[in-house]
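Participant: Take the sequence shown: its position 162, counted from the start at 1, is 209 in our numbering, and no numbers get skipped.
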Amino acid sequence: MVWFIFISFLTIYATSYGMEEKFINHKNARRKLDDIGGSISIDCGIPSGVSYTDETTDLPYKSDEDFISSGVNKNISSKFMSGTLPNSLSSVRSFPEGNRNCYTLRPPERRGTIYLIRASFMYGDYDDQDKLPEFDLYVGVNQWDTVKFDNETHIVIKEIIHLPQMDEIDVCLLNTGKGIPFISTLEVRHFHNTTYRTQSGALVLYKRLDVGSTTSQIIRFKEDIYDRMWSPYNYPGSVSINTSFNIDTLVESEYRLPSVVMRTAVKPMDVNDSLNFDFEIGDPTLQFYVYLHFAELEILQGNQHREFNVEINGEIWEKSVVPSYLRSTTEPSVQPQQTKKMSMQSWTSNQAMMCVKCGKEIHVVHKHYSWNGLNCSFNGYTPPKIISLNLASKGLTGRISPSLSNLKSLEHLDLSNNKLTGSVPEFLSQLPYLRTLNLEGNELSGSVPTSLVAKQQNGSLELSVGRNPGLCLSAPCKKDRRNILIPLVATAVSLLVIIVIALLIFWIYKRKRAGRLNVHKSSGQKEGSLESDNQQFTYSEIVNITNNFQKVLGKGGFGNVYHGSLPNGTEVAVKMLSAASAQGSKQFRAEAQLLMRVHHRNLASLVGYCNDGGNFGIIYEYMAHGNLQQYLLDENKVALSWKERIKIAVDAAQGLEYLHHGCKPPIIHRDVKTANILLNEKLQAKIADFGFSKFFPIESKSHVLTSVVGTVGYLDPEYYASNWLTEKSDVYSFGIVLLELITGRPAIIRRYNNIHIVQWVSPFLERGDIRSIIDPRLEGNFDTNSVWKAVETAMECVPSISAKRPTMNHVVTELKQSLEMETAREQTRRTESQTLRLSSSVDMSVVDLETEIGPQAR
């Protein structure tokens with residue numbers, strides 16, 4: 048039996064972990080490659096660009112350079128270095144500056160997915176101060192736990208099971224005045240799992256014990272597919288038992304328990320005695336959840352029977368537990384427990400034998416917290432919203448940032464006593480809940496927007512704008528005659544500068560017209576540049592186009608996509624970069640730059656872009672039918688015909704073929720999936736979302752060594768394992784897309800134990816059962832040869848070795864043949880139908896004629 052204990056604080060999340068399952072079917076308790084999605088392993092404090100594979104777990108660790116910009120790298124003292132110390136604990140990142148420093152993690156599967164987050168700390172006198180620090184650990188604005196140390200070599204591990212409400216996860220260290228915060232490692236593991244569920248939210252680990260362990264080793268990945276860490280523990284006064292057989296070899300439990308943990312157990316020395324486990328929780332306000340896991344390890348004789356009861360804090364928790372031989376079963380608690388001390392007792396009933404296998408976890412839920420100058424509201428059901436922002440006396444310069452317009456729930460804004468310049472922006476009056484606005488003591492100029500003045504006059508806004516010499520409450524502002532000369536001179540100089548700039552822009556424009564590069568120019572353009580012939584929009588124009596961002600078409604890792612209409616009535620999709628997406632900014636710009644260079648009927652067309660005062664946006668052509676993933680899975684939509692599906696496949700394949708073979712240098716998309724294939728009103732398919740795309744150097748004959756990006760289920764196994772990127776990585780992903788079109792099923796099929804689509808299809812193909820593969824909604828209305836051709840093409844694309852996959856040129860040729868077969872079948876059916884209608888019409892005419900002029904009855 049394995050004990051799991053969870054403690055739940057008051058949480059700001061109302062979301063239970065009883066959500067839909069997102070895990071993959073595993074065999075023999077080993078991770079499949081597709082299960083690694085969302086995994087992040089960071090060795091904090093190692094030099095930039097350094098990475099390595101851990102010798103014990105075979106997990107790849109990398110530098111934290113891409114996840115945080117603050118802090119300094121340090122090594123622990125040499126006197127604490129040893130051959131048994133893991134590499135990940137020999138260095139730390141320390142944060143002597145700032146009260147709060149945050150890592151920003153962006154797992155590819157984003158929000159709505161359960162993650163196990165683990166932070167590890169070992170002081171090791173890295174700062175030569177020989178003084179143990181104490182600091183707080185946060186997830187976003189919510190307290191995770193407090194980090195304390197017993198001595199220099201004490202390894203503190205904090206773990207939480209977390210369901211993020213945003214695409215990004217911020218792990219923050221807070222200086223509480225008791226020493227400089229630091230961190231050794233930070234890990235994120237994707238939980239394809241719904242087993243750990245509460246009524247309140249995230250779960251913070253208290254303990255996880257491998258009771259009955261025959262070694263002193265901590266069990267983790269690879270033995271545990273989720274990389275949970277099991278600490279050895281043996282109960283005093285008990286007898287250890289074990290088996291050499293694996294547990295759950297025939298039927299896999301939903302908890303995916305490590306067999307090596309479940310193979311050992313303890314039992315009382317006297318079968319009539321009980322096993323007692325006592326744990327000092329400390330805080331009586333805490334709640335915890337208990338999960339009991341059982342497995343029978345001994346072959347019992349016919350007259351033997353193992354049965355026992357479980358009691359917690361004097362109350363019966365589970366009666367008549369009978370473990371199954373070599374098979375784990377779980378009895379989770381439905382209601383949380385709350386106590387200062389938790390006592391568990393297992394005791395026999397009716398003189399039955401008893402044996403207990405024990406392990407334990409405790410997960411603590413977050414507390415609400417207000418950072419200095421920032422307050423959030425929370426209703427228990429939605430993510431926290433910023434309602435108050437105090438940036439007074441922070442040394443702010445420049446114009447008031449348009450990004451403040453994104454804080455729709457803001458009620459109080461204080462920007463006083465800074466050095467802000469420019470005018471008071473109109474968008475401040477469009478914040479619906481703004482009640483107080485303090486702009487005093489700046490260098491603002493011009494007139495206050497009339498809409499803000501009106502709100503002040505009707506009492507809905509408390510407005511303070513004093514001590515801004517160039518600012519007035521009404522337009523036009525009155526000017527001091529003594530100061531007329533200076534503005535006139537300034538105006539003249541400004542006019543001259545404008546004329547010079549205009550001539551320079553005209554010269555640059557003429558030069559570009561004369562020697563414009565074609566769309567296949569190299570990727571050597573200066574990073575961050577967004578110059579092109581595409582239309583550039585201001586942020587205010589974007590606000591008008593989207594009707595103040597009224598309709599959201601979709602959400603991604605970089606921000607939202609909004610529906611919009613240009614002044615001429617043309618519908619567009621506007622993708623805006625979220626102000627919180629730091630890493631996304633680079634990818635966002637890369638996507639814009641790439642779209643300015645490539646043009647193809649099967650690639651999403653760029654209408655324009657916005658690069659205005661820190662606001663970045665990309666304006667695409669509007670695709671009326673959304674993305675292919677939504678269309679395939681939406682039961683309210685009319686199912687796509689086979690011809691429509693194969694035509695979509697041809698369109699998407701042609702888009703990839705252009706990127707691979709029509710561009711110089713070639714471009715690899717790196718995130719091909721049904722969600723990134725858009726459909727217009729005619730169901731023409733176009734590939735979109737080029738944020739991860741990468742130019743492939745022509746001089747490279749085989750591959751490019753690069754970090755792995757992509758989406759679970761579509762990720763090329765070879766690319767994932769080796770970091771070797773080739774055009775065949777896109778081919779693999781397209782093969783998965785093609786299988787989705789054929790079967791109507793997602794890449795990871797939840798209905799069938801979350802099996803990968805390739806694994807699901809393969810047994811049917813071995814039997815030659817094509818009709819069990821194809822989407823039943825087609826009701827047999829397809830050319831069998833056309834389907835076979837498409838299925839064979841898809842399977843050619845998905846071997847684990849890239850050299851065995853075809854090029855996109857070959858894929859396009861094969862799919863066009865499949866389309867021709869289906870088109871020929873439809874043409875034959877139309878011809879037969881027309882012949883049948885003509886025959887029916889002739890027969891009816893004959894009957895009518897005979898009825899009309901035939902002999903009458905006498």
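Note that beta-carbon positions come from the ideal geometry of N, C-alpha and C, so glycine has one too.
Once the 5 residues before and after residue 201 are set aside, which same chain residues still bring their CB inside 6 Å of it?
Facilitator: Answer for residue 201: no residue qualifies.
Participant: Return the CA-CA distance between residue 326 and residue 253, expressed in angstroms with no decimal places.
Facilitator: For residue 326 and residue 253, the distance between alpha carbons rounds to 10 Å.
Participant: Along the chain, where does the beta strand (DSSP E) that runs through residue 592 open and close?
Facilitator: Element bounds for residue 592: not the beta strand (DSSP E) but the alpha helix (DSSP H), 586 to 592.
Participant: When burial is assigned at 16 or more other CB atoms within 10 Å of the CB, is residue 818 buried or exposed?
Facilitator: The residue is exposed, with fewer than 16 neighbouring Cβ atoms inside 10 Å.
Participant: Tell me whether residue 572 sits in a helix, a strand or coil according to DSSP, three-state version.
Facilitator: With a pLDDT of 38 at residue 572, under the threshold of 50, the modelled position of that residue is not reliable, and no figure is offered here.
Participant: Could you check whether the segment 108 to 120 touches the segment 271 to 278, counting it as contact only if at least three pairs of C-beta atoms, one from each stretch, sit closer than 8 Å?
Facilitator: No, the segment 108 to 120 does not touch the segment 271 to 278.
Participant: Is the distance from the Cβ of residue 761 to the Cβ of residue 720 below 8 Å?
Facilitator: Yes, the pair counts as a contact, with Cβ atoms nearer than the cut-off.
Participant: Going by alpha carbons, who is nearest to residue 172 out of 195, 125, 151, 206?
Facilitator: Nearest C-alpha to residue 172: 125.
Participant: Return yes when at least one heavy atom of the ligand COA lies under 7 Å from the C-beta of residue 213, else no.
Facilitator: For the ligand COA, the structure offers nothing, since it holds no ligand at all.
Participant: Return the Cβ separation of residue 249 and residue 210 in integer angstroms, given the expectation that the two are a contact with Cβ distance under 8 Å.
Facilitator: With a Cβ gap of about 7 Å, residue 249 and residue 210 count as contacting.
Participant: Please classify residue 312: does DSSP put it in a helix, a strand, or coil?
Facilitator: The answer is strand: DSSP assigns residue 312 an E or B state.
Participant: For the 8 Å Cβ check, are there 3 or more pairs between the segment 835 to 846 and the segment 803 to 819?
Facilitator: They touch, by the three-pair rule.
Participant: Can you name the residues that DSSP bridges to residue 813?
Facilitator: Its beta-bridge partners do not exist; DSSP assigns none.
Participant: Reducing DSSP to helix, strand and coil, say where residue 713 ends up.
Facilitator: Looking at residue 713 - three-state DSSP - the assignment turns out to be coil, as it is neither helix nor strand.
Participant: Is residue 597 helix, strand or coil by DSSP?
Facilitator: If DSSP states are grouped into helix, strand and coil, residue 597 belongs with coil.
Participant: Looking only at its chain, what residues have a beta carbon closer than 8 Å to the beta carbon of residue 717, apart from the 5 residues adjacent to it on each side?
Facilitator: Contacts found: 739, 740, 741, 756, 757, 772, 776, 777.
Participant: Could you pull out every residue in the same chain whose Cβ sits closer than 7 Å to the Cβ of residue 178, ignoring the five residues on either side in sequence?
Facilitator: 226.
Participant: CB residue 169 to CB residue 231, shorter than 8 Å?
Facilitator: Taking 8 Å as the Cβ cut-off, residue 169 and residue 231 qualify as a contacting pair.
Participant: Near residue 186, which residues of its chain fall below 8 Å by C-beta distance, leaving aside the five closest residues on each side in sequence?
Facilitator: Within the same chain, residue 186 has close Cβ partners 164, 207, 209, 216, 217, 218, 219, 249, 413.
Participant: Output yes or no for whether 8 Å exceeds the beta carbon distance between residue 117 and residue 142.
Facilitator: A contact, by the Cβ cut-off of 8 Å.
Participant: Using only CA atoms, which one of 147, 379, 723 lies nearest to residue 189?
Facilitator: Taking only the C-alpha atoms, the option nearest residue 189 is 147.
Participant: Check for me: the alpha helix (DSSP H) holding residue 831 runs from which residue to which?
Facilitator: Residue 831 -> alpha helix (DSSP H) spans 831 to 844.
Participant: To test your reading of the DSSP string, which unbroken beta strand (DSSP E) runs of 3 or more residues are found completely within the segment 449 to 481?
Facilitator: The segment 449 to 481 contains these whole beta strand (DSSP E) runs: 459 to 461, 466 to 469.
Participant: Using CA atoms only, rank isn't needed, just tell me which of 312, 612, 88, 366 is closest to residue 236.
Facilitator: Comparing Cα positions, the closest option is 88.
Participant: Which full runs of the beta strand (DSSP E) of 3+ residues lie inside the segment 336 to 397, going along the chain?
Facilitator: Those beta strand (DSSP E) runs which fall completely within the segment 336 to 397 and span 3+ residues are 355 to 359, 362 to 368, 376 to 379, 388 to 395.
Participant: Could you spell out where the beta strand (DSSP E) holding residue 493 opens and where it closes?
Facilitator: Segment 490 to 494, the beta strand (DSSP E) holding residue 493.
Participant: Among 706, 469, 114, 137, which has the Cα closest to the Cα of residue 122?
Facilitator: Of 706, 469, 114, 137, the residue nearest in Cα terms is 137.
Participant: One question on the structure: do residue 463 and residue 488 come within less than 8 Å of each other, judged by their Cβ atoms?
Facilitator: A contact, by the Cβ cut-off of 8 Å.
Participant: So for residue 611, helix, strand or coil by DSSP?
Facilitator: Here residue 611 sits in strand by DSSP.
Participant: To the nearest angstrom, how far is it from the Cα of residue 722 to the Cα of residue 794?
Facilitator: Between residue 722 and residue 794, the C-alpha separation is close to 11 Å.
Participant: Please classify residue 693: does DSSP put it in a helix, a strand, or coil?
Facilitator: Correct three-state label for residue 693: helix.
Participant: Is it right to say residue 693 is buried, meaning 16 or more other beta carbons lie within 10 angstroms of its own, or is it exposed?
Facilitator: Buried, because 16 or more other Cβ atoms sit within 10 Å of the Cβ of residue 693.
Participant: Taking the alpha helix (DSSP H) that residue 501 falls in, what are its first and last residues?
Facilitator: Residue 501 -> alpha helix (DSSP H) spans 497 to 504.
Participant: Would you identify the three-state DSSP class for residue 301, choosing helix, strand or coil?
Facilitator: Residue 301 falls in the coil class under three-state DSSP.
Participant: Please state the DSSP three-state secondary structure of residue 662.
Facilitator: Reduced to three states, the DSSP call for residue 662 is strand.
Participant: Are the CB atoms of residue 285 and residue 309 nearer to each other than 8 Å?
Facilitator: It is not a contact, given that the beta carbons lie outside the stated cut-off.
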